[in-house]
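*Asks:*
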Amino acid sequence: MKKLLQLTLTFIIVIGAGFISCTDSENHTESETENKVLLISIDGFMNEYLDRNETPNFDRFITGGVKAEHMIPAFPTKTFPTHWTIATGLYTENHGIIANGFTDPELEGYFSYGPQDSPNDERWWQGEPIWITAENQGLTSALMFWPGSEASINGVHASHYKDYDGSVPNAARIDTVVSWLDPAGAVDADFSTLYFSHVDSRGHSYGPNSPEVDEAVVNADSLLGYLLDEIEEKGFSDRVNILLTSDHGMAELSEDKVIFLDDMISLDDVEVVDWSPVAMLRPEDGKKEEVYNALKEHEENYTVYYRDELPREYRFSNHERIPEIIMIADIPYSITTHSNFEERGIIAGTHGFDHREPEMATIFYATGPAIKADKEIASFESVHLYELMAKILNVNPSENDGDLDVLRHILK
Ligand code: AMP
Ligand code: ZN
Ligand code: ZN
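Numbering of the sequence shown is given in numbering that gives the first Met the number 0, commencing with residue 0 and proceeding in unit increments.
(1) Looking at C-alpha atoms only, which residue of Leu280, Ser253, Ala347 is the closest neighbour of Pro322?
(2) Under 9 Å, do Leu37 and Leu180 count as touching if we go by C-beta distance?
(3) Given 8 Å as the limit, tell me if Asp353 has its C-beta closer than that to any heavy atom belonging to ligand 5.
(4) Is the distance from the Cβ of Phe144 to the Cβ of Tyr225 below 9 Å?
(5) Please state the DSSP three-state secondary structure of Met279.
(6) Helix, strand or coil for Glu251? Go by DSSP, reduced to three states.
(7) With a threshold of 16 other CB atoms inside 10 Å of the CB of Pro104, please say whether the residue is buried or exposed.
(8) From which residue to which residue does the beta strand (DSSP E) around Leu243 run?
(9) Please go through the segment 32-75 and give each complete alpha helix (DSSP H) segment of 4 or more residues, from N-terminal end onward.
(10) Whose C-beta lies closer than 6 Å to the C-beta of Gly184 among residues of the same chain, with five residues either side of it excluded?
(11) What is the C-beta distance between Tyr301 and Tyr332, in whole angstroms, given that I count them as a contact (C-beta under 8 Å)?
(12) Do the CB positions of Val382 and Asp353 come within less than 9 Å of each other?
(13) Using only the heavy atoms of ligand 1, determine whether one of them is closer than 8 Å to the beta carbon of Thr78.
(14) Mapping the DSSP letters down to three states, classify Glu323 as helix, strand or coil.
(15) Tell me the DSSP secondary structure of Phe352 in three-state form.
(16) Looking only at its chain, what residues have a beta carbon closer than 6 Å to the beta carbon of Gln125, apart from the 5 residues adjacent to it on each side?
(17) Would you report the Cα separation of Leu392 and Ala360, rounded to the nearest angstrom?
(18) Tell me whether the beta-carbon of Thr192 lies closer than 9 Å to the beta-carbon of Ile39.
(19) Let me check you understand the geometry: is the CB of Gly165 closer than 8 Å to at least one non-hydrogen atom of ligand 1?
(20) For Val239 and Gly100, I'd like the C-alpha separation in whole angstroms.
Pasting the structure below:
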């Protein structure tokens, strides 16, 4: 009798749970029809690029939506740390992607985006990106490139993603994403990403003030026009919220503004985890004070810190992957060695500097059914985008460092 009662109870609970999850997914179906999110990054897009170019499609986009004075990236202002902050809502010290290339005292191997390394091993990627939050709550994510998009998180992948291939033409990336988002298509994605690298590449090769960068910006404008036209033609502009942003700006460098590390310390005393413009130094045993004191004594055009005394605003102290000595160059200085300088010289432009420098500031524009029109907003930190995206997608955010109140006012 007791057993029968137990069985009946179990039956009621299972049916009940089924009912609840069914109601849940009905809610999702409803939100799917209204609140898709397309997150776009045009890598290395300095905030001021639009001021000096004719960009009718950016104008068209901005007129219908929101424009931030600028967006403040995470520190250091390198592609992988900053994109991962946007995706997870975590500061660098809480997500562990401390540079584009680094080691971990506990993990074998080297993290870098080069194919020879293993950047897709999920042990590198801490925190939960928005596409996994969405997947875990019954939505569909489809990603056309984003740092970390190829890694699983606790065993879960986005439903659709592509292995990074920089040679895929930008228009073809757009075609794929439009077909993924199209409510009449097979995927009908709720969340999608698009990534373009051409503005960043030109910025490195020719410097941010070059005509080559202007040409890339005008090209980005045409790509945006193509995307908007395609979405309009397929008839779902009223169902997708587009967040158009970037990971950092770009600073012009100079062959005369160079800091030679080997003039100040012996390179045998340190492992240089990252070089420039933020040198991350892991001193050999017993060498920490000696290295720090030598760099402090010569401190000019850079600032050197022990990891643990780095000002709080960097949010770059509390992770075992962060080396013990951090040296941050002032714009436009590069940190190098004599032999490296003789061999390679200095590239025209780079990023990585203090995230609060105006040159590192980047863009944020947004438009869509959930977003107010014709609104200019104050600058904000990129760490808050995760909460915004979770709100639009109607999913519960995972633990993160952002605050929805910073951007809630852009929502209708
Ligand atoms: P950076 O070296 O910081 O200027 O980073 C920009 C470069 O990162 C791009 O030109 C690409 O080569 C590379 N990159 C960007 N996204 C990815 C990705 N998802 N996977 C691998 N490499 C990437
Ligand atoms: Zn970048
Ligand atoms: Zn770059």
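For each residue, glycine too, the CB sits at the ideal point set by N, CA and C. This one's a predicted model, so the numbers in the text were calculated from it and none came from an experiment.
*Replies:* If we stick to the structure as given:
(1) Leu280
(2) yes
(3) Ligand 5 is not among the ligands present in this structure, which contains only ligand 1, ligand 2 and ligand 3.
(4) Going by C-beta atoms, Phe144 is not nearer than 9 Å to Tyr225.
(5) Note: Met279 maps to strand in three-state DSSP.
(6) strand
(7) exposed
(8) 239-244
(9) 55-62
(10) Ser178
(11) 6 Å
(12) no
(13) yes
(14) Glu323: coil per DSSP, three-state reduction.
(15) DSSP places Phe352 in coil when its eight states are reduced to three.
(16) His94, Gly95
(17) 27 Å
(18) yes
(19) yes
(20) 34 Å
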